[in-house]
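Student:
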Amino acid sequence: MHLESAAFTPNSKIPAEFTCDGSNVSPPLAWSPPPANTQSLTLIVDDPDAPVGTFVHWVLFNLPGQTTSLPQHITAQSALPDQSLQGQNDFGKLGYGGPCPPNGTHRYFFKLYALDTQLKLPSGATKAQVEAAMQGHILAAAELIGLYHRSH
């Protein structure tokens with residue numbers, strides 16, 4: 001699978017609109033079709049450069065297996081119209097929380113996983129709970145890295 005965004009190219013700056021310095025909305029994402037037997041997709045966005053250790057910005061799981069894109073600005077609600085669920089980010093909220101690094105340039109890893117199952121977890125699940133539930137069920141994965149540096 002290949003993951004991309006119309007908003008930024010791999011290893012380039014994420015536009016401010018998608019960060020705490022702008023509208024703080026999720027960027028549009030698109031990917032190549034997952035394997036035929038994919039039952040669901042999971043998206044995890046995190047920042048391994050945070051001072052406190054890896055900081056989770058978005059957990060989205062149980063996306064329908066045939067999905068190949070997400071529009072810009074996925075609203076922060078527990079369940080989306082397609083029945084996918086949003087987990088809790090490290091801001092303590094559901095849904096997407098944009099880059100907001102305290103200092104320096106940070107890397108933001110958008111990780112997409114194709115799974116052979118639906119995760120039996122409630123909305124609000126944490127990244128750790130989702131990763132544990134995915135074990136042994138990952139058919140394919142893709143990654144997109146964006147960068148962000150705040151001008152203070």
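So in the numbering used here, spot 50 of the sequence shown is number 50, and the numbers just go up one at a time.
Every residue gets a Cβ at the ideal spot worked out from N, C-alpha and C, and that includes glycine.
All of these numbers come straight from a predicted model, not from anything done at the bench.
1) Tell me which residue opens and which closes the alpha helix (DSSP H) that Val-130 is part of.
2) Which stretch, first to last residue, makes up the beta strand (DSSP E) that contains Asn-62?
3) Quick one: what does DSSP say Phe-8 is sitting in, helix, strand or coil?
4) Pick out whichever of Leu-121, Thr-105, Asn-24 and Ala-50 has its Cα sitting closest to the Cα of Leu-63.
5) Would you grab the beta carbon distance between Pro-27 and Phe-8 for me? Rounded to a whole angstrom, and I think it's under 8 Å.
6) Verify whether the separation of the beta carbon atoms of Leu-145 and Pro-10 is less than 8 Å.
7) DSSP beta-bridge partners for Pro-149?
8) Taking 8 Å as the threshold (C-beta atoms), are Val-52 and Gly-87 in contact?
9) How would you call His-2, buried or exposed, if buried means at least 16 neighbouring beta carbons within 10 angstroms?
10) Sorted by chain position, which residues of the same chain lie with C-beta nearer than 7 Å to Ala-153's C-beta, five sequence neighbours on each side aside?
11) Nearer than 7 Å: is that true of the beta carbon of Lys-93 relative to any heavy atom of the ligand NAD?
12) Once the 5 residues before and after Thr-19 are set aside, which same chain residues still bring their CB inside 7 Å of it?
13) Near Asp-90, which residues of its chain fall below 6 Å by C-beta distance, leaving aside the five closest residues on each side in sequence?
14) With respect to the beta strand (DSSP E) encompassing Val-45, which residues constitute its N-terminal and C-terminal limits?
15) Our contact map puts Ser-119 next to Ala-140 with C-beta atoms below 8 Å; I'd like the distance itself, whole angstroms only.
16) Whose C-beta lies closer than 8 Å to the C-beta of Val-130 among residues of the same chain, with five residues either side of it excluded?
Tutor: Based on what the coordinates show:
1) 127 to 134
2) For Asn-62, the enclosing beta strand (DSSP E) begins and ends at 55 to 64.
3) Phe-8: coil per DSSP, three-state reduction.
4) Leu-121
5) 7 Å
6) Sequence inspection shows Ile at residue 145; the Leu mentioned does not correspond to that position. Going by C-beta atoms, Ile-145 is nearer than 8 Å to Pro-10.
7) The sequence given here has His at residue 149, not Pro. BP columns for His-149 point to Thr-105.
8) When the beta-carbon positions are compared, Gly-87 and Val-52 stay at least 8 Å from each other.
9) exposed
10) Summary: the structure shown does not reach residue 153, with the chain confined to residues 1 through 152, and so no result is reported for it.
11) With respect to small molecules bound, the structure shown includes none, and the ligand NAD cannot be examined in it.
12) Gly-98, Pro-99, Cys-100 and Tyr-148
13) Phe-55 and Val-56
14) 40 to 47
15) Checking the sequence, you will find Leu at residue 119 rather than Ser. At roughly 16 Å, the Cβ-Cβ gap does not stay under 8 Å, so Leu-119 and Ala-140 are not in contact.
16) Thr-42, Ile-44, Val-59, Phe-61, Gly-87, Leu-119 and Leu-121
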